[in-house]
Amino acid sequence: MSNKTILLTGASSGIGREFSQFLGDLGFNLILASRNIGELKEIKSSITNKNISVHIIKLDVTDSKNINEVINYIDINYGSIDILINNAGITIENFILDMNLNDFDRIFSTNVRGPWLLANGIAKLMISKKIEGKIINISSILAENVIPKQSLYSMTKSALLQMTKSMALEWARYGINVNAISPGFVLTNMNKEFFNTENGIKMFSRWPKKRVGNPDMLLSTLNYLLDDRSKYVTGSILTVDDGQSLKRI
Numbered sequence: 007m008s009n010k011t012i013l014l015t016g017a018s019s020g021i022g023r024e025f026s027q028f029l030g031d032l033g034f035n036l037i038l039a040s041r042n043i044g045e046l047k048e049i050k051s052s053i054t055n056k057n058i059s060v061h062i063i064k065l066d067v068t069d070s071k072n073i074n075e076v077i078n079y080i081d082i083n084y085g086s087i088d089i090l091i092n093n094a095g096i097t098i099e100n101f102i103l104d105m106n107l108n109d110f111d112r113i114f115s116t117n118v119r120g121p122w123l124l125a126n127g128i129a130k131l132m133i134s135k136k137i138e139g140k141i142i143n144i145s146s147i148l149a150e151n152v153i154p155k156q157s158l159y160s161m162t163k164s165a166l167l168q169m170t171k172s173m174a175l176e177w178a179r180y181g182i183n184v185n186a187i188s189p190g191f192v193l194t195n196m197n198k199e200f201f202n203t204e205n206g207i208k209m210f211s212r213w214p215k216k217r218v219g220n221p222d223m224l225l226s227t228l229n230y231l232l233d234d235r236s237k238y239v240t241g242s243i244l245t246v247d248d249g250q251s252l253k254r255i
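For the sequence shown, the numbering used here begins at 7 and goes up steadily by one.
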């Protein structure tokens with residue numbers, strides 16, 4: 007794997023931060039992208055594998071111009087990459103009746119439009135360089151389940167699943183595999199306060215194993231999709247949620 011290069015978005019926090027360390031340990035060359043350059047510098051300095059190259063780049067996935075700049079940077083400096091991990095995403099917590107068009111536009115721009123633009127641009131580089139690459143989109147179990155105050159988030163993650171399947175279908179003839187990981191709830195800076203509240207405790211008490219996972223629970227699944235042994239896997243949605251989404255009567 008050490009000769010392959012990965013572009014990881016949303017690399018500065020939460021799941022992305024965990025992925026950054028893990029991918030470095032596996033020996034991938036990394037392009038870590040995020041709006042937060044300060045956090046990226048900290049992550050770069052903490053990666054212990056000195057046999058890989060680690061580059062950091064500022065990326066706001068809501069900015070189409072910035073996305074094109076990153077794609078052009080990769081084209082000029084790398085020619086292409088081998089793997090794209092679309093991990094950047096946000097949530098907006100509110101009831102439907104209390105949301106507005108700005109909320110709608112912001113979350114769809116971050117969670118759907120940006121990943122679509124980036125995957126499309128990277129796929130064109132892969133095709134032009136005849137690289138049979140991989141694209142991994144990070145979705146959520148809320149793509150197929152709903153809870154109060156997360157309607158827009160669920161909608162965007164559902165869109166990401168259909169995007170994954172459509173890209174897998176259209177790009178299969180180029181040897182590009184496109185898959186998605188749908189994580190359950192894991193502890194991140196974005197939600198850790200919630201799981202200390204009464205509602206948070208009530209939520210995980212209903213789950214089969216009555217616990218909240220950590221971002222590292224996703225690493226073995228990510229590793230599988232990165233590995234050449236998954237070359238026959240495309241258009242798949244891999245749910246990793248400790249049974250949280252299991253339906254009960």
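Ideal Cβ positions, reconstructed from N, Cα and C, are used throughout, including at glycine.
Task: Three-state secondary structure (DSSP) of V184 - done: Within the sequence shown, numbered from 1, the residue matching residue 184 stands at position 178. In the structure shown, V184 sits in a strand (DSSP, three-state: E or B).
Open item on the list: Quick test of the definition: if touching needs 3 or more C-beta pairs under 8 Å, does the stretch 158-173 touch the stretch 142-149?
Closed with: yes
Open item on the list: Please report the straight-line C-alpha distance between L244 and E48, rounded to a whole angstrom.
Closed with: On the sequence shown, residue 244 is found 238 positions in, with the first residue counted as 1. On the sequence shown, residue 48 is found 42 positions in, with the first residue counted as 1. Those two C-alpha atoms are separated by around 30 Å.
Open item on the list: Buried or exposed for G127, going by 16 or more other Cβ atoms inside 10 Å?
Closed with: On the sequence shown, residue 127 is found 121 positions in, with the first residue counted as 1. Under this definition G127 is a buried residue.
Open item on the list: Here's a check: name, in chain order, each residue in its chain whose Cβ is nearer than 7 Å to the Cβ of S70, leaving out the five neighbours to either side.
Closed with: Start at 1 with the first residue of the sequence shown, and residue 70 comes out as number 64. Closer than 7 Å at the Cβ level, and outside the excluded window around S70, lie L123.
Open item on the list: Based on DSSP bridge pairs, tell me the residues matched to A39.
Closed with: Start at 1 with the first residue of the sequence shown, and residue 39 comes out as number 33. DSSP lists T15 and I63 as partners of A39.
Task: Cβ neighbour criterion (16 or more within 10 Å) applied to N35 - done: Position 29 of the sequence shown holds residue 35. In summary, N35 is buried, with 16 or more beta-carbon neighbours lying within 10 Å of its beta-carbon over all protein chains present.
Task: Contact the stretch 220-227 vs the stretch 17-25: 3+ CB pairs below 8 Å - done: yes
- [ ] Give a yes or no on whether the C-beta atoms belonging to K140 and L231 are separated by under 9 Å.
- [x] The residue given as residue 140 occupies position 134 in the sequence shown. The residue given as residue 231 occupies position 225 in the sequence shown. Closer than 9 Å, so yes.
Task: Beta carbon of I182 nearer than 9 Å to that of I133 - done: For the purposes of this step, residue 182 is identified with residue 176 of the sequence shown, where counting begins at 1. For the purposes of this step, residue 133 is identified with residue 127 of the sequence shown, where counting begins at 1. It is a contact, given that the beta carbons lie within the stated cut-off.
TODO: Could you please give me the residues that DSSP links to L90 through a beta bridge?
DONE: For the purposes of this step, residue 90 is taken as the residue at position 84 of the sequence shown. For L90, which the question treats as bridged, DSSP gives the partners L13 and I141.
Task: Spatial distance of D248 from K215 (CA atoms) - done: What you label residue 248 is simply residue 242 of the sequence shown in a count that begins at 1. What you label residue 215 is simply residue 209 of the sequence shown in a count that begins at 1. Spanning the two alpha carbons is a distance of roughly 7 Å.
TODO: Taking only runs that begin and end inside the stretch 152-222, name each unbroken alpha helix (DSSP H) of 4 or more residues, in chain order.
DONE: 157-177 and 204-211
TODO: Identify the continuous alpha helix (DSSP H) that holds T227 and give its terminal residues.
DONE: Translated into positions along the sequence shown, residue 227 becomes position 221. Where T227 is concerned, the enclosing alpha helix (DSSP H) stretches over L225 to L232.
Task: Rounded straight-line distance, which links the Cα of Y238 to that of D66 - done: The sequence position of residue 66 within the sequence shown is 60, counting from 1. The sequence position of residue 238 within the sequence shown is 232, counting from 1. Spanning the two alpha carbons is a distance of roughly 32 Å.
TODO: Using alpha carbons as the reference points, say which of S52, L46, N57 and T54 lies closest to K64.
DONE: Translated into positions along the sequence shown, residue 64 becomes position 58. Measuring from the Cα of K64, the nearest candidate turns out to be L46.
Task: Distance between I12 and I82 (C-alpha atoms, nearest Å) - done: Numbered from its first residue, the sequence shown carries residue 82 at position 76. Numbered from its first residue, the sequence shown carries residue 12 at position 6. Each residue's Cα considered, the two are about 16 Å apart.
Open item on the list: Rounded to the nearest angstrom, what separates E99 and K163 at their Cα positions?
Closed with: Within the sequence shown, the letter at position 93 stands for residue 99. Within the sequence shown, the letter at position 157 stands for residue 163. Their backbone Cα atoms lie some 14 Å apart in a straight line.
Open item on the list: Short of 8 Å in beta carbon distance, which residues of its chain neighbour V118, apart from the five on each side in sequence? Order them along the chain.
Closed with: Taking the sequence shown and counting its residues from 1, the one referred to as residue 118 is at position 112. Excluding positions up to five away in sequence, the list reads T162, A165, L166 and M169.
Open item on the list: Do N93 and T15 have their beta-carbon atoms positioned less than 9 Å apart in this structure?
Closed with: Counted from its first residue, the sequence shown places residue 15 at position 9. Counted from its first residue, the sequence shown places residue 93 at position 87. The answer is yes: Cβ separation under 9 Å.
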